[in-house]
């Protein structure tokens, strides 16, 4: 295909590259002469200097996201949202980490044999030889990789004769086992959150990447929005750790780790009773015991009953535990949750979830046994780090007995460090492929860039192997053509010609036919092949034993809770600096591993923040720093996975090494064979040393400064976000009457009402608000929709060339995040867990910006479009603007940061790389605004950009998986910001100090705020009510019936 | 002389903080997160991504091939955008791909040593002859090398210049690039060793920058260029204000 | 034209000097220079009769130029970029510009003051007559010097000066004093 | 003609006054004669400190501001603290030379030249910091208005631009004022030296002859300089205070700042004059000219301004409470909390600036050199801490609580601070050895003129 050719051409160096040996001419400045390297042949489909977009799929298995990869002059520089699949118009942080993985300096990009560089011919010959020899010796050829779906699965299974394992230490195997036991072979269920009035989670981190299937976050945001129906969904979480997902819970019940299954089953039983359920599950529910569940979990029986009552009353959905529920009862928890959804009759759980292969821990242990017994001749390792994930060093020991260990991935980790043969395959940006993210949704993957190094498609490598092992059945096509053939089966069948004979049959699939090519082009542009969604509902066909008790390994005084790191997940992104440096949403920590300890527990242990503790578990001991945190149950020590990656995983993994909590767990699995990490009791002692944790977070609450504003969920449910006369009346904060000039632009208003007198407001100002004749660019931040997942921060980092500074510079808080997520706790007593409120904070583009008037050299000023401009190369670095900024969103380049090669190839050419001594900040992605404006001007000299082209223009708004950010022109009455600025939930950050910010905030709906009301509902609620969350008492009494 | 006792004391006082300071400064050399070290002039050093405009005009750079705009644009009358075809589509003007050169020079002026240099780059080796496919098109060689032109019109990296907007606005290339069609004046000299005694053009100056490309020079047009009134009519005043906005050019 | 010559009288007492100047004035003799190691009001009063120094006109001019410069500099440069408008302030904002205008007033006034001082003192004055270079005049003595006294008047002036209590009166060509051992 | 001795017979400084003009000259020229060992040691120390500070700046120049402890939102720290400190130091010199000249205060005579030198060198030192704290100090010329090809000018609405104008005006005017006053005294040195030295002093004295025309212009001009310098000195620290007060940052955004800063500047400056002149007087044996009389008067100035400062501190708290502005209230409450991050800085400041000077209400302690020196040193520390409090603690507790953080200076910053003290001392020491650090002419004005009598 021609595109591949042009990519090769682009690989020759793009259009411009700075000459390394500079010559100096006799000029007035010290100016190196650059060289211009033209193309040899002009590539098709692309214009140098402009971005090309390719619809593709990043991530594998249930985490596959339909996105577009953005290319510039042959380099993939960014990942954008794909709006065409209907799955998710968003980009998640993990997609961008994959982008950084693509450019990682530690990535192996050429085959290696015994540590020495090899050619692909050599490597293939070696692999084929070993595989054939293994087969003939009766040994296995096995494959271990992450969850994968789509066409490659069959290839892998065939090549390995069924010895292909798809395993991730993130706890989906229990759910797969339970689903199989209860519903048969239908794959995982699909949860419909959109219309649920109550979401009950037993710990699944479904608002983060650890559990992500694309679309869940948007669905949750829809459920939480009063604009969708006349209600706000209530989110109840039963889990020991309030991680980023559980932080969004309206009611969080911190239970003892490992007891969720009992609670879930008890609730299921109560719901079944309330619904007078009689069906196949009745027998399984008999094991439920509310009292036993209450005493084991620490959640009162009344609470369990009230949750069940609310669950039965209205449309509700229950979600299983994910990694947080991966205790010895992991499969039973999943089963109980399925039954809960089943008996409630809400039909919020349906077939059609992920149905790719999910191997359980038992499968892996069987393989390990084979390996130890020397029965595995060739082990193909994909991108999963089992040495890191499995306790006791069992996998590392077993690897030594494998004949040949082959790494099929170029990303190094502790497991493939043992590989003798490296056959690095393409990553998602270079390869062809497909992923069946959910049943019936086949997402396509296509390369946009020429491979970074000498890598090959995994499909082609496997085909080579297949041909050597079994030439008869092996496909003759290349991997790409094979894929096209597979996809083309779903192409619409051509209508029979008019003169068709009666027995006319459609022609066989021919990918070289023009009609098929045309269909393929359309499919690739869309990024998805619809293969038929599953319908109907799930029926319980099997049964399983759901009786469980609180079962704990170890005999320490404290419970150990393991949860997934928000960005590093299980450690797979530990070598991605973006994943390391994006602050953990709950604690703000970067580059390390920490232990969350409840203040009361900390008091018992005698430790403070940043003290080092030693955690002794049956499998070993680790030392980590302490973060005293109210969002964890008492007597629970919570440690995130993903730490402890050594230099074998790369230089950045080593930099942010921390400790690997998985390594100290005892070697066990649940009765069904699922992966277990929870339910371990550990001994904890302070070592007396200080840890070196780095957190970017300041104060825990917003000190009554109205950054984190809440509205009453019930009040909001009544009125929604419709335009109201009393802007912000739902918020209960007392601030000045919203100036009309802020909601409508003066000159735009005058155009519409040429003869009207300007209405006088009660607002007197020394200087008028600047006039914005065409645009007033505005961002609306819906803090109710924001769940703190951090995708916007990473997207901003990728788009705007923000350097990564490393741990010791982060100690001095030198992070260069243009958008940060402020995490605020509501005011709380020592005994209760606070409500958590995420407030994305970026430059507010004030109309009366304090930063502008103090700049001595006019490097920052207010543009005619309402933006707070920052001209980087005019900046001299007085940093006065940053001091004057009330939002502290300006960032300073303390050094000239250099991107280690080849990270520099990811840089966005539309944004300059700032050098030291220069202030920088969010400018609403002005390069995108400029590009969009130019595109519209090309159609006519006075075109203004319509709302549709602006709505998700900025990188953060484009990325946001829950659509909490919307961009637009305030002067345009159709734009989202214009509408939301007049809503009852609207507030401006620090509106009292007259900065006239452009960013609208919408308050978060809470069930725990009760304000005295004065007069009608539209009056200002003068008394500022704080959230008073009682997490342990009567949470759900008002969840129903409004 | 008792004051001299102070000297060692003073040395001690200064030595301790000096040691601390040195230790602090040494932290800077981190291979994982490299920083740029600027010994002399930070803003113009290598790898900083910034270079200065305002190089003295009027002096030609040594170019790999002695190309003559005069011959192509004046004598042969080829339009600028015939070769620089990206100018109307992209921010770059697009130095023409070698394909474009080969389009003609696979047939014409093959005897010229300068044309031979194009062929050499096309083949990736000296003294080569171009292979052609069945349609008579030159076949791209695997190790073809682009011609390393020296950049004459070089803007700093912090400047965003969009060729397509200027072309769309109706500006003539010469307004910024000068009378390029008159540059590349030549003299004829016999081709060494040519049996037919043919001559080829020897070009002294391939390309000269006639404008300073400095900010003030840009502003001279952005303040009030006739095309603004012509294109924007009533909205010209607003457009003039926009054109003077820093972000029109800076990035 | 008469030939001229120098006459120089040195006083060690202030009242003698004042007497000398007084007598010269009464005799209608002009063209003398009084030197003193310090500014004494008595001398100023007797020589200038309370007339203020013309330096003040320099100061006034400088200050007026300064305030104008301050206003023009600020308002013109901001008017050149009317759309580059920081912080929502008007293009010509008098309140912030007043500070610049004030500082310019002080700066220009003071510089004009310095220039006026140099101009009226005839400084820098390395080329001045050597007769005036007398270290005693910066130490403890006072002096009256005629740089170009008419030869015809020499006797009269000399007598007058000696009579007023000068400790030394010399006439003739340049007299240059070696530096005493300090 | 009746000549009246201008000196009050009850003047406490009188017993130490020289008898004749000649004695004045000899006393002050004596400083020039041989470099004393103490002076040489001091110069070497100052030079080492200067070099060390320069090396620290070099580190910062090559690696960027990251070598300092700055981080968002605390973007100003030791450098700006020290800048304001040195500018404040300068103010006492101008106060003594200009304002006390205008009000004809007699005790200024002995100390004014040294104070004025202190002003010029302190402003010279302070001028380093706006450049030094820039992220890109090599672009500092963009602060000055000059026609350029970019057709760009500066933002005259920025307090920093006012600062540039105020400080450069202040430096220029102080330097010219200082030099004009020096001219007759350099002429004295010229006339008491020989050879090359005489030539140098000759050039520097621009040909001063002490004629009646010159003295007439001198006196007229000097008065105008003083008249201009007096409002200037008040404006300069007001403008410096606006650097803070013009930003909305809580703890900065206050109308009390200009008088508060000016009083603080004079307070610190007078204390600095004491702590500077007392060692110099001992080193060069100036006791005849600079003595307890002067120290006591300076101490009284300090007492007055200390009272003003104490009142200002109190008013900040009162306004914070009375305005009901939650941000103001929060910052002041936080500052005064002893266990807060910068509680120690606040109480150290209060002790140094409000409590320690109370000792000087006692005449005994006010006239005792040891106690004078100790309290003056405490005040100097306290005034540095005051700026530290204002700048750092306000920024550390900015509007957004999610960004609250703390700041710790690095050794580079301490090094530059030490270097700035070295730079200041170096020039001051050089000056006092080579130029009349006590105003000869003005001392002579205090001496009874030689009168023959009638």
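Residue numbers (my numbering), protein chains in the order written: chain D, 8 to 1049; chain R, 76 to 326; chain C, 27 to 208; chain B, 506 to 959. Even glycine gets a Cβ: it sits at the ideal position worked out from N, Cα and C.
Min CB distance residue i to chain B below 7 Å
i, result
"residue 173 of chain R", "no"
"residue 291 of chain R", "yes"
"residue 189 of chain C", "no"
"residue 709 of chain D", "yes"
Any chain D beta carbon closer than 7 Å to residue i
i, result
"residue 109 of chain C", "yes"
"residue 80 of chain C", "no"
"residue 124 of chain R", "Here the model assigns residue 124 of chain R a pLDDT of 37, short of 50, so the residue's position is not dependable, and the following value carries that caveat. Interface residue, yes."
"residue 327 of chain R", "The first residue shown for chain R is 76 and the last is 326, placing residue 327 of chain R beyond what the model contains."
"residue 108 of chain R", "yes"
Best match in the options for proximity to residue i [C-alpha to C-alpha]
i, options, result
"residue 679 of chain B", "B/906, B/619 and B/564", "B/619"
"residue 890 of chain B", "B/810, B/585 and B/877", "B/585"
"residue 825 of chain D", "D/962, D/583 and D/91", "D/962"
"residue 228 of chain R", "D/41, D/139 and D/341", "D/41"
"residue 874 of chain B", "B/808, B/798 and B/861", "B/798"
"residue 780 of chain D", "D/974, D/951 and D/790", "D/951"
"residue 629 of chain B", "B/868, B/894, B/592 and B/762", "B/592"
"residue 125 of chain C", "B/877, B/950, B/908 and B/660", "B/660"
"residue 457 of chain D", "D/613, D/433, D/447 and D/465", "D/433"
"residue 108 of chain D", "D/390, D/138 and D/342", "D/390"
Beta-carbon contacts of residue i that lie in its chain and below 7 Å, excluding the five residues immediately before and after
i, result
"residue 606 of chain D", "635, 637 and 837"
"residue 879 of chain D", "919, 921, 925 and 927"
"residue 509 of chain D", "none"
Pair within 7 Å by beta-carbon distance, residue i and residue j
i, j, result
"residue 356 of chain D", "residue 450 of chain D", "no"
"residue 213 of chain D", "residue 386 of chain D", "no"
"residue 333 of chain D", "residue 682 of chain D", "yes"
"residue 890 of chain D", "residue 580 of chain B", "yes"
"residue 717 of chain B", "residue 195 of chain C", "no"
Chain R contact for residue i (CB, 7 Å cutoff)
i, result
"residue 902 of chain D", "yes"
"residue 565 of chain B", "no"
Expected contact under 8 Å - CB spacing of residue i and residue j to nearest Å
i, j, result
"residue 585 of chain D", "residue 103 of chain D", "6 Å"
6 Å CB neighbourhood of residue i in its chain, flanking five on each side removed
i, result
"residue 94 of chain D", "73, 221 and 222"
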